[in-house]
Amino acid sequence: MLGQRETFYVRDEVRAQNFTVPSTLIAIGKHSLWFRADVEPKMPASTIHHLVDFFDEMAYPKITETFGEFRGPNPEGDARISFLFFDFRLTNHDHAVAYVHPLDLIPPDCLRPDQRSNQRKLVYLNSSFMRRDLAYVRSTLGHEFVHLVLHSYDFLEESWVSEGLAELGTALCGGGDYLKQKLADLKDVPDQPLVWSRSLRDTNRDYAIAYLWNHYLYCWTGGGKRNFFRQVVADRQTGLGTYLGPLQALGLKLSDMYASFWVANFFNNRDLGRGCYYDDFLAQFRLSRRDTSADSLPVTVLEQLSMGGGKGLVVRLPSDAPSDLVCSVVHPFNILQTPDPATLGSQDVTAAFILQSKTSAPRVIFQQLAYDKAQDVYRADLAIPSGGARSIGVVLASRKSLGIPADSYEYTQEPFGICIGSNDQALAKARSRMTIAVLFEEKLQWYISYSEGLTGGSAAQKDSSLRALEGLTQEVVQMISSPTTCQMTLECFLERVRQQPPARRKVLRPMIKKVRDFVAAGVAQGNESLRPVLTAFDQVLPGS
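Residue numbers for the sequence shown follow numbering that gives the first Met the number 0, so the first one is 0 and each next one is one higher.
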């Protein structure tokens, strides 16, 4: 009954301390119990009634319809959700509006001696926000309730999945305006990967991309009416695997949905057909993409793709472009994506070609990248159907392999290349140069990454980094040592080096010097064709 006294445990994770918060029951709803810490000043009755009505009439039915019922401890058989207002400064959570704690759902006999559990379905609310932004608090109720439901099934779910589902709860409970603020931060950083570890790089962008994925699935799986998200919440897998079974139950493939998701992000066009656009709420949303105009063909474009992310671009063709066009995409192999390169093309990287003709509506063609063992890259080659293409859009989607924990999946970018031209020798030559450039760019990036391991860390880590740097240098020298392609590969290497900022070029100096010494040896042996290349190396070598 109202006025009932309860003492709650709260935990300061920073100082690893538990506190008790004596509290009083101040409101009772159909699905909720509302407590206020005794040290807190009284709140306006209208504020409390507003939150009670909102949760009972809006948040609770909407969230349970979509994500399912909570399962877990019910003190004295009471199935209602408890809310506790207190000052978060007590627990170093003062930046947060609300949170839930998995310990409250764990039986007492499973806790460590230093842990405490309230043994109830409990949402902690920051009392200071009640006086500052009530609308924000209201939108957060759905977010935290989703966390509570999800934790009752699996509190070991990867963070990006948990937060993405919770942000969908925010949207379902009327918090769209707050989500659009996060999406605005994401728009101009289109290489944000979907999968992120527990260490958030940028909270708004991380949460925004995770929300987009779940909002997209909400659009294309029937919302909460086909039990899709109930199955996601109850699924025992984690990460992307969480969605695998529920999608299969609807006759959908995770790989197909993931590729279409990135097309929707960069193009969001109903003319492209099912799965390539969002609903009315996000009808105007589109990630920034690179638009390039080709004055002549063949044309080559080099870009970066985040592992676990997507990248979109458009190449506008010259008015006299021939009808026998081929568009090729090249992406390097990365062991972090899958231990078996032969399976990557069918599982993890998909290219979507968006064709805009002069006379008809745009169309999209999906093609998986296949492993090219001879060059150790993944390729997709699309012969453009006749019809006078005016522009070609490309979306590359890099999907994290199932079974790799998110914590081992770092925020890494890798190069990829696109080459468009008439199907002739000029295209073959341009594609070959592009492939070499992509491989060199990848090795330069990894060299810089491993160089960071030389500062700090243990002696074993430094030794491992040194071996990796030596191996990368040997790979580069081996690439340019072929007599038939030496000149071209050296030119490509020099071009990639020139593109590096001075600070990165300085880090690359040991590798550049090794390659320069290889060229100098060739000149010393009488290969005068390499002398101009040697001069060019002396110009780009830092400190020369």
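Idealized CB from N, CA, C, for every residue including glycine.
Computed from a prediction, not measured in an experiment: that's the story for all the values here.
{"Check": "By a C-beta neighbour count over all protein chains shown, 10 Å radius and 16 as the cutoff for buried, is MET0 buried or exposed?", "Outcome": "exposed"}
{"Check": "Which of the three DSSP states is assigned to PHE85 in this structure?", "Outcome": "strand"}
{"Check": "Name the DSSP bridge partner or partners of THR291?", "Outcome": "VAL314"}
{"Check": "Tell me, to the nearest whole angstrom, how far the beta carbon of PRO608 is from that of VAL231; I am working on the premise that it is less than 8 Å.", "Outcome": "Since the displayed the chain opens at 0 and closes at 543, residue 608 lies outside it and no answer follows."}
{"Check": "Given that a residue counts as buried once 16 or more other Cβ atoms are within 10 Å of its Cβ, and exposed if not, what is ARG430?", "Outcome": "buried"}
{"Check": "How many Å lie between PRO112 and PHE154 at the Cα?", "Outcome": "20 Å"}
{"Check": "Please classify ASP77 as buried or exposed, where buried requires at least 16 other C-beta atoms within 10 Å of its C-beta.", "Outcome": "exposed"}
{"Check": "Is GLN499 buried or exposed, if buried means 16 or more other CB atoms sit within 10 Å of its CB?", "Outcome": "buried"}
{"Check": "For the segment 102-117 and the segment 161-168, state whether three or more C-beta atom pairs, one from each stretch, are separated by less than 8 Å.", "Outcome": "no"}
{"Check": "Between which two residues does the beta strand (DSSP E) carrying CYS418 extend?", "Outcome": "412-421"}
{"Check": "When the Cα of ARG88 is compared with those of PHE82, GLU56, LEU124, which residue comes out closest?", "Outcome": "LEU124"}
{"Check": "Between the segment 137-151 and the segment 49-60, do three or more beta carbon pairs fall short of 8 Å?", "Outcome": "yes"}
{"Check": "Evaluate ILE334 with the Cβ neighbour count: other Cβ atoms within 10 Å of its Cβ, from every protein chain shown; 16 or more gives buried, anything less gives exposed.", "Outcome": "For ILE334, the predicted structure reports a pLDDT of 47, less than 50, and the residue's modelled location is therefore unreliable. The matter cannot be settled from this model."}
{"Check": "Work out the CA separation of TYR8 and GLN16 for me, nearest whole Å.", "Outcome": "10 Å"}
{"Check": "Pull up the CB-CB distance for PHE415 and HIS330, whole angstroms please, since I reckon it's below 8 Å.", "Outcome": "4 Å"}
{"Check": "Considering only DSSP beta bridges, list what TYR8 is partnered with.", "Outcome": "THR19"}
{"Check": "Name the DSSP bridge partner or partners of TYR98?", "Outcome": "TYR123"}
{"Check": "Compare the C-alpha of LEU368 against each of ALA351, CYS109, LYS29, TYR206 and name the closest.", "Outcome": "ALA351"}
{"Check": "As a quick exercise: from VAL300, ALA436, TYR377, TRP445, pick the residue whose alpha carbon is nearest that of VAL393.", "Outcome": "VAL300"}
{"Check": "Which residue's Cα is closest to the Cα of HIS49: MET478, TRP33, PRO361?", "Outcome": "TRP33"}
{"Check": "Would you call GLU549 buried or exposed, if buried means 16 or more other Cβ atoms sit within 10 Å of its Cβ?", "Outcome": "Since the first and last residues shown for the chain are 0 and 543, residue 549 lies out of range."}
{"Check": "If you drop the 5 nearest sequence neighbours on each side, which residues of the same chain put their C-beta closer than 8 Å to that of LEU149?", "Outcome": "PHE66, GLU156, SER161, LEU164, ALA165, VAL232"}
{"Check": "Thinking C-beta only, is ILE419 closer than 7 Å to VAL313?", "Outcome": "no"}
{"Check": "Let me know if LYS252 comes out buried or exposed under the rule of 16 or more other beta-carbons within 10 Å of its beta-carbon.", "Outcome": "exposed"}
{"Check": "Report the CB separation of ASP184 from ASN213 in whole angstroms; it is logged as a contact under 8 Å.", "Outcome": "Contact flag wrong, Cβ pair sits at about 18 Å."}
{"Check": "Pull up the distance between the alpha-carbon of ALA293 and that of GLN236, whole angstroms please.", "Outcome": "46 Å"}
{"Check": "Does the Cβ of PRO192 have 16 or more other Cβ atoms within 10 Å, making it buried, or fewer, making it exposed?", "Outcome": "buried"}
{"Check": "In the DSSP assignment, what are the bridge partners of TRP33?", "Outcome": "ALA26, PHE82"}
{"Check": "Measuring CB to CB, does VAL188 end up less than 7 Å from TRP159?", "Outcome": "no"}
{"Check": "Could you tell me the alpha carbon to alpha carbon distance between GLN303 and ALA388, rounded to whole angstroms?", "Outcome": "25 Å"}
{"Check": "Which residue wins for smallest C-alpha separation from LYS428, given the options THR484, VAL476, ALA396?", "Outcome": "THR484"}
{"Check": "So if DSSP puts GLU441 in a beta bridge, which residue, or which two residues, is it bridged to?", "Outcome": "Beta-bridge pairing links GLU441 to no other residue."}
{"Check": "Does DSSP put LEU211 in a helix, a strand or coil?", "Outcome": "helix"}
{"Check": "Looking at the structure shown, is ALA320 part of a helix, part of a strand, or coil, going by DSSP?", "Outcome": "coil"}
{"Check": "Please report the straight-line C-alpha distance between LYS357 and ASP423, rounded to a whole angstrom.", "Outcome": "24 Å"}
{"Check": "Considering only C-alpha positions, which residue in the set PRO501, ILE435, ALA458, PRO509 is nearest to LEU489?", "Outcome": "ILE435"}
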